[in-house]
Structures are given as structure tokens and as C-alpha cells.
Amino acid sequence: MRKIFGVLNLKEEIQHPVFKVISKAAAEISTQAFVVGGFVRDLVIGRDSKDIDIVAEGSGIALAQETARRLNIPKKVSVFKNFGTAMLKYQHEGETLEIEFVGARKESYRRDSRKPIVEDGSLQDDQLRRDFTINALGISLQEKNFGEVIDPFEGLEHIQQKLIKTPREPGITFSDDPLRMMRAIRFATQLGYKIEDEAFEAIKANRKRLEIISNERITTELNKIILAPKPSVGFKLLENSGLLPEFFPEFSALKGAETREGRGHKDNFYHTLQVLDNLAAVSDDLWLRWAAILHDIAKP
């Protein structure tokens, strides 16, 4: 896929027949449908993506069911009523797409939980609740403006600038859902982007909020950082932001020069990151990369 900046219509980029089917299904049930999130971001920057998120201004479940009916795969819809979402897998010419449908919503948060209180909302409400501007892009699937980009927070410009920025004030974004701090660093590492200064300072200020996030969710994000082309970038950001000591203090404790016979030898933190990057250059095996991370972990 070619890179697209400053283009307000991506009709030519979404020629896969499933988008026309979703468009017709939305018209049939009198709702509006939009492609949103990571698929749009990856479309713009030229990354391949098979996961498609569809937001409906109405019932996402009803849209999924009507889409599946039109694709002649009605039994392939997985419905999650508690979350108001549905998902289907669609195979076309040897390609499998995972399509998730959700109704547009707005969210509010309690201080002690990252689980939001959800209300029905508009597309604009839904885009505002997104973590970063580059993930808040939308594409209209309505026949009258099919392919039109909806970019209320200058996400296209931030992609061009290679910048991670939040749609709202970053302190609110990270306090509401502290996992977004890990995601900011993950995207910066994977894409080679810079985290906006104000957002990075907000990560530092909210680092203690990570305690309300489960170890499993933290590990999922950490593994994605470890699997990046140059994982040391992510670990340096985790350390400099103060997040690393919050969930992996043993690795943070590697900082400082090792002494041998009274002489400074090497800083085991940076040595470990160099070993990790060296391995990452020749292998994408997650467990080998973990072996590199842990090979000096007991030295402190």
C-alpha cells in the first residue's frame, strides 16, 4: 500500500468487497458505519492489517448480523452482549479478515478501575475516547461519502510527524486507563515514533496508576515491545518514564556499572539491551529474546 498524507478520501484504498457489503448492511438497518482505529492507521502508513474495527452509530451487533447474512455466513458471528460487540471472521480469496463491530459510545472512568462506564454516543464521542490521535482516524462507509476520512484530532498530520499524541489532555487519558502508557511506548517502539513531550511527562506523573492494571495485560504489552525490531528503544522509554520499576524492578536494578577488581567494567542495563538488540536482528523468537533479557538479571 502506498503512503497517503493529506488525502481526505481513501475510497481507492478500501476496495475489498467486504466494505461495500458493510455499507449496504448499514443502509438496510438505517445506521451509519465507519472503519476506525488501527486498520485505518496501518492503511495510511502502509502496514498490512487483517483486523478491522467497525463503529456503528446504532447497534454494532445488529450490523454484524446483517453483514453476516449478506455474506452468507450467519453462523459465524460471535456476539458479546455485555460489551455490545460482535465479531466475525470472513475468508475471501485465501485471506482471513477478523471484523469487530461495536456501537459508537462514550466512556467515563472510576478512579480505582480501568473498566469504563459506557453510554451510547456518536462517532465523535467514540473517536474522543480513543487512546491516540493516530488511532482515532475514521473512514466513512456511507454511499454518499464512501471512503471519506474523518480526522478530528489531526491524526494524519501526526502520522506524518511520527508523533504519539492523545486526543484529550494526556493526564486524563493515562489516568483513566493506565495501560495506555504502555501502549504509547509500544507504538513508539514498533513504529519509530516520538511520544509528545506533554504526553511523556503525563506518563511520568501517572506511573503509579499502573498498579490497577493486571500483570497479564502489562505482560501482553511488554511482549509486543520485546518483539519490536529494536526493543531497546522501548526499554529505555520504560526506564526513563519510571514505568519499568513499577512492574519489572529487577531489570531496572541492572543500571549502574559492574565492578571487577575495583575497576568499572560495564553497565549491565545497557549491556543487556545491546545483547537483546543483537539477538533481535537475527531472531524473532520471543523466548530467545526473554533469555537475552534475563541472562544477567541476578547480578545486582
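Count the sequence shown with the working numbering and you get residues 2 to 301, in order.
Heads up, the beta-carbon is just placed ideally off N, CA and C, and yes, glycines get one too.
Since this is a predicted model, take the numbers as computed values, not measurements.
Checklist entry - Between the region 33-40 and the region 131-138, do at least 3 Cβ pairs fall closer than 8 Å? => result yes
Checklist entry - Is residue 184 buried or exposed, if buried means 16 or more other CB atoms sit within 10 Å of its CB? => result buried
Checklist entry - Along the chain, where does the beta strand (DSSP E) that runs through residue 53 open and close? => result 52-57
Checklist entry - Do residue 186 and residue 255 come within 8 Å of each other at the CB atom, strictly closer than that value? => result no
Item to check | 6 Å CB neighbourhood of residue 156 in its chain, flanking five on each side removed | outcome: 134, 135, 137 and 138
Item to check | Run of the alpha helix (DSSP H) containing residue 274, from where it starts to where it stops | outcome: 269-281
Checklist entry - Among the residues of its own chain, which have a CB less than 8 Å from the CB of residue 3, if the five just before and after it don't count? => result Unreliable positioning characterises residue 3 in this predicted model, as indicated by a pLDDT of 40, which lies under 50. The coordinate reading is nonetheless provided below. Only 47 meet the Cβ criterion.
Next on the checklist: Once the 5 residues before and after residue 227 are set aside, which same chain residues still bring their CB inside 6 Å of it?
Outcome noted: 290
Checklist entry - Over what stretch of residues does the alpha helix (DSSP H) that includes residue 302 continue unbroken? => result The chain is shown from 2 up to 301; residue 302 falls before or after that span and cannot be answered.
Checklist entry - Where does residue 10 fall in DSSP's three states? => result strand
Item to check | Coarse secondary structure for residue 195, derived from DSSP in three states | outcome: strand
Checklist entry - Does the Cβ of residue 152 have 16 or more other Cβ atoms within 10 Å, making it buried, or fewer, making it exposed? => result buried
Checklist entry - Quick one: Cα of residue 272 to Cα of residue 300, how far? => result 12 Å
Item to check | Beta-carbon proximity list for residue 22, same chain, < 8 Å, skipping 5 on both sides | outcome: 68, 71 and 72
Next on the checklist: What would DSSP say about residue 121, mapped onto helix, strand or coil?
Outcome noted: strand
Item to check | residue 99 - DSSP class collapsed to helix/strand/coil | outcome: strand
Checklist entry - Hey, out of 94, 50, 124 and 160, whose CA is closest to residue 61's CA? => result 124
Item to check | Supposed contact pair residue 33 and residue 65 - C-beta distance, whole angstroms, cut 8 Å | outcome: Contact doesn't hold; Cβ gap of about 15 Å is too wide.
Next on the checklist: Counting only C-beta atoms, is residue 125 closer than 8 Å to chain B at any point?
Outcome noted: The structure shown has no chain B; it contains just one protein chain.
Checklist entry - From what residue to what residue does the beta strand (DSSP E) around residue 139 run? => result 139-141
Checklist entry - Mapping DSSP to helix, strand and coil, what is residue 89? => result strand
Checklist entry - By Cβ distance, which residues of its chain are closer than 6 Å to residue 203, with the 5 residues on each side in sequence left out? => result 171, 172 and 175
Checklist entry - In three-state DSSP terms, what is residue 47? => result coil
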